[in-house]
Amino acid sequence: MSTTPFQGALEAIAKPLEFAAAEDFARLARVKDLERGVAAACARALALALPPDVKRVIGLVEASFAKPLAEVEQKPVIQRALAALAALRDPSFADAAIARPLSGLAGIGPKRAQQLAQRGLRTVADLLFHLPSRYDDRRASVRIADLEVGRRATFSGEVKVADFGPRRGRVRTFSAVLGDESGVVTLKWFRGGEAVASSVKKGVRLRATGDVRRYKFSKEVTHPEIDVLREGDEEGAGEGIVADYPTPEGVAPRTFRRWVAVAVEQYSDLVPSTLPAKLAAQRGLPPTPEALRQIHQPAAEADPEALRRRHTAAHERLVLEELYLLEVGLALRHAERAKEPGVALDPARPGVVAALAGLPFRLTAAQQRVWQEIAADLAEPHPMNRLLQGDVGSGKTAVAVLAAVAAAESGRQAALMAPTELLAEQHARTLRTLLAGAPRLRAALLTASLPRAEAETIRAGLAAGEIDLVVGTHALFQAEVRFARLALVVIDEQHRFGVLQRQALAGRGPGGLHPHVLVMTATPIPRSLALTLYGDLDLSVIDELPPGRTPARSVLLREGEGPRVVELVRETLARGEQVYVVYPLVEESEKVDLRAATEQAERIRAAFAGVRVDLVHGRQAAAERSAAMDRFVRGETRILVSTTVIEVGVDVANATLMVVEHAERFGLAQLHQLRGRVGRGKRPGTCVLVARASSEDSEARLRALLETSDGFAIADADLRIRGPGEFLGTRQHGRLPDLRFADLVRDARLVALAREAARETVRRDPGLRRAEGLARAVRTRWGERLALVGVG
Ligand code: ADP
Ligand code: MG
587 MSTTPFQGAL
597 EAIAKPLEFA
607 AAEDFARLAR
617 VKDLERGVAA
627 ACARALALAL
637 PPDVKRVIGL
647 VEASFAKPLA
657 EVEQKPVIQR
667 ALAALAALRD
677 PSFADAAIAR
687 PLSGLAGIGP
697 KRAQQLAQRG
707 LRTVADLLFH
717 LPSRYDDRRA
727 SVRIADLEVG
737 RRATFSGEVK
747 VADFGPRRGR
757 VRTFSAVLGD
767 ESGVVTLKWF
777 RGGEAVASSV
787 KKGVRLRATG
797 DVRRYKFSKE
807 VTHPEIDVLR
817 EGDEEGAGEG
827 IVADYPTPEG
837 VAPRTFRRWV
847 AVAVEQYSDL
857 VPSTLPAKLA
867 AQRGLPPTPE
877 ALRQIHQPAA
887 EADPEALRRR
897 HTAAHERLVL
907 EELYLLEVGL
917 ALRHAERAKE
927 PGVALDPARP
937 GVVAALAGLP
947 FRLTAAQQRV
957 WQEIAADLAE
967 PHPMNRLLQG
977 DVGSGKTAVA
987 VLAAVAAAES
997 GRQAALMAPT
1007 ELLAEQHART
1017 LRTLLAGAPR
1027 LRAALLTASL
1037 PRAEAETIRA
1047 GLAAGEIDLV
1057 VGTHALFQAE
1067 VRFARLALVV
1077 IDEQHRFGVL
1087 QRQALAGRGP
1097 GGLHPHVLVM
1107 TATPIPRSLA
1117 LTLYGDLDLS
1127 VIDELPPGRT
1137 PARSVLLREG
1147 EGPRVVELVR
1157 ETLARGEQVY
1167 VVYPLVEESE
1177 KVDLRAATEQ
1187 AERIRAAFAG
1197 VRVDLVHGRQ
1207 AAAERSAAMD
1217 RFVRGETRIL
1227 VSTTVIEVGV
1237 DVANATLMVV
1247 EHAERFGLAQ
1257 LHQLRGRVGR
1267 GKRPGTCVLV
1277 ARASSEDSEA
1287 RLRALLETSD
1297 GFAIADADLR
1307 IRGPGEFLGT
1317 RQHGRLPDLR
1327 FADLVRDARL
1337 VALAREAARE
1347 TVRRDPGLRR
1357 AEGLARAVRT
1367 RWGERLALVG
1377 VG
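Following the working numbering, the numbering of the sequence shown begins with 587 at its first residue and continues without gaps.
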């Protein structure tokens, strides 16, 4: 199947020629009307939007078949034609052509090309996919009296006065008064007036487009786009709907439009459409070349508003194309991974059964189901690649522990990686209780702040295979850590890790065997994001909380309501329960933040004499912090003041009050995590958000949090408020989708459609052997990012 009109047209020319030439021209005599057929096919190709050099070649072929050939001429002419077409028929020709530098385009010299490059526009394709930011509806002229301040409009009239203003420094303003029967408006040029002055003269009729502004008591338009109307030009008839682009400094909009027009007219039919035809037909989508034309050069009857909102079939084509390529890439990677050699574990060993029975609780139905999904993966001789989603407190750790026991009981090692030292320490503590039923399992904690000698001992234990389960931070995966028999990697709170880090871990098995990878996240990820970021992973969801949980009550207080906070703390302490007080800590203002937290700890100590108050933060020595956490876990400390290091994973059932200071500075997911720290036991929890006056965004976040406790609803709200770019935090490296057209909020449904179509494509044709164009497109766009090896 051809993916571009260009390829289709070329094949229509070449096929009859090849047929005639086959087997040393054996069938030549039987081909009727060869010349007419080839010439007609050439004419159809020449009608396409193709570059001049391509058209020249096709034009030559057309000319050589323009009239019936004598028998002796036929063979050499056919051979020459096929030879001339060979380069164009190379499957990579079109890709290379649209990747040509812009300096090769008519009207763009080296200097212009450099200007464009500064805006990231280097190739023809860059220009073709540089979408207009808005559209001018120039179909109808507005009467000058009806011009509205603050709006963009097209209007025409006669120049009544035109002159330069007084010189101010180096600038001389040129202005012209344009009038029609209804009124007048001033046009102004602060620069470039000299060029305009030659055509804008008294008595000349103009059509102008620009943003109308108020100036003193009248209206004016600065730097309008103008056309001089000649005798007989219809004043009302504008240029239709005109695309308006974000242009580089110093490039006039009209010039830029002309360049885009050249790119569209000379290259658009080289752009592939890779979406399955059925899906495109169902959605009523034009092929990509047609979509580009509709977007850059809309028809007069198009809807400018729909174009502006990027809400047209043409835009949907670009969005779906983009998502489909990404999803095919992810599906291929998924398929590749499923074939990698791995270690089959035995999750049915008696030791695993004993560990399950030894848990201090019974698994919920959701945990049970997920454990089964994971166990089935582990039993395969190929690596598991699974994302485990579950809201805060849904009990993901227990499931991960069972998987670790399965590895150990099968004579292998497991590593559990947490994003912070505190969380790693917390996990190590939790494991001791959870592993009551697996006394033989040898577990260790390895973090960066461990004393050198101790870390050395643990590393040696790992290398010797004497440690079955190691818990740690990313320090676990530094080069000097060697595992004797690593078969399972669990990554907790994946939203803190980049995709690349995830990739780095996967290659750590002994003897080239890939370990099973379980990625856990409590930040519920909106589905559209999950399908793109983690589209290569299988998904398990724990959608149920352990019994007896009551979602924490949320209270929003403003600065100055301190006494109310004190009262809540007092009540909580009176019930024998414990309290968290959390401070934000951002790197830029770390010192100030830390001081604020420290001072607050002092104030609280003073206010609650006789009550033990501890302070934990990320700058503490691990031992000190760990001791403080232990005191809180044991209930000796009643109030824990901390920076956000407790954001994830901390688990103290007796803590029922969470006070978040400067709640306006936290992200929605973070707040949801923090809230999830209380109400973990039988007693209901309360989360008090103390917010200062804040931005619209942060108010929206706080509102969303008060309205729902459903993590997924919160995730969607977060995505809406912050946008996908920021969703995972700016510290993410190798963050996936570099999406140009798709908007994961607006296009959430299309993501699901693209995913379905992609998985279907890859299921039917695993190596994309029958879809060469698609394979190439995926490789070009995502090959490197997704580390695809076997595509195409
Ligand atoms: P998260 O999914 O947020 O990581 P955890 O694994 O930390 O959740 O579990 C939260 C709390 O719920 C822990 O105290 C854990 O012991 C408890 N828990 C987990 N599963 C169950 C269960 N099936 N029944 C009762 N409590 C459970
Ligand atoms: Mg957890």
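By construction, the Cβ of each residue, glycine as well, lies at the ideal position given by its N, Cα and C atoms.
With 16 or more other Cβ atoms inside 10 Å of its own Cβ, arginine 903 counts as buried. For the set His1060, Thr1059, Ser1035, Ala1030, the Cα lying nearest the Cα of alanine 1046 is the one of Ala1030. For lysine 1268, the CB contacts under 7 Å within the same chain, skipping 5 residues up- and downstream, are Gly1134 in chain order. Taking 8 Å as the cut-off, the Cβ atoms of lysine 788 and lysine 746 count as close. The continuous alpha helix (DSSP H) containing arginine 1335 extends over residues 1334-1350. In this structure, the C-beta of alanine 984 approaches the ligand ADP to less than 7 Å from one of its heavy atoms. Residue pairing by DSSP leaves leucine 911 without any beta bridge partner. Tyrosine 801 carries a strand assignment under DSSP once its states are collapsed to helix, strand and coil. Each residue's CA atom was taken as its position, placing tyrosine 910 and glycine 1058 some 37 Å apart. Set against 7 Å, the gap from the CB of alanine 692 to the closest heavy atom of the ligand MG is not smaller.
A direct Cα-to-Cα measurement between leucine 1201 and phenylalanine 1327 gives close to 47 Å.
Less than 8 Å separates the beta-carbon of glycine 779 from that of arginine 758.
In this structure the segment 958-968 does not touch the segment 1010-1018; the number of beta carbon pairs closer than 8 Å is below three. Considered as a whole, the segment 803-861 harbours 839-853 as its complete alpha helix (DSSP H) runs of no fewer than 4 residues, in chain order. Contact annotation: the segment 945-963 does not touch the segment 1355-1364, with fewer than three C-beta pairs closer than 8 Å. Under the 8 Å Cβ criterion, the segment 933-943 counts as touching the segment 992-1001, having at least three qualifying pairs. Under the three-state reduction of DSSP output, serine 1295 falls in the coil class, being neither helix nor strand. The three-state secondary structure of lysine 618, taken from DSSP, is coil. Closest option to alanine 685, judged by alpha-carbon separation, among Val846, Gly1023, Thr709, Pro662: Thr709. Threonine 1107 has its CB no nearer than 7 Å to any heavy atom of the ligand ADP. Close CB contacts of proline 637 within its chain, under the 7 Å cut and outside five residues either way in sequence, are with Ala683, Gln852, Tyr853 (chain order). In the DSSP assignment, valine 1238 falls outside any alpha helix (DSSP H) and carries neither an H nor an E. Per DSSP, the beta-bridge partners of leucine 1143 are Val1276. Residue state for lysine 1177 is assigned as helix, using DSSP reduced to three classes. Distance from the C-beta of serine 1126 to the nearest heavy atom of the ligand ADP is not below 7 Å. The nearest non-hydrogen atom of the ligand MG is 7 Å or more from the C-beta of aspartate 1129.
A buried status is given to alanine 1187, since no fewer than 16 other beta-carbon atoms sit within 10 Å of its beta-carbon. Within 10 angstroms of the beta-carbon of histidine 897 lie fewer than 16 other beta-carbons, which makes it exposed. Look at the segment 671-714 and you find these whole runs of alpha helix (DSSP H), each 4 residues long or longer: 679-684, 696-704, 710-714. Scanning the segment 715-793 for uninterrupted beta strand (DSSP E) segments of 3 residues or longer gives 720-724, 738-754, 757-765, 770-775, listed from N- to C-terminal end. Taking 8 Å as the cut-off, the Cβ atoms of leucine 878 and phenylalanine 592 do not count as close.
Look at serine 650 here: in three-state DSSP terms it is helix. Your pair glutamate 1079 and proline 1170 does not check out as a contact, with CB atoms roughly 18 Å apart and the cut at 8 Å. Residue environment: serine 719 is assigned as exposed (fewer than 16 neighbouring CB atoms within 10 Å of its CB, all protein chains considered). Using a 10 angstroms sphere on the CB of serine 678, the tally of other CB atoms stays under 16, which defines it as exposed. Shown here for proline 872: same chain residues with a beta carbon closer than 8 Å to its own, the five before and five after excluded, namely Gln880, Ala899, Ala900, Arg903 in chain order.
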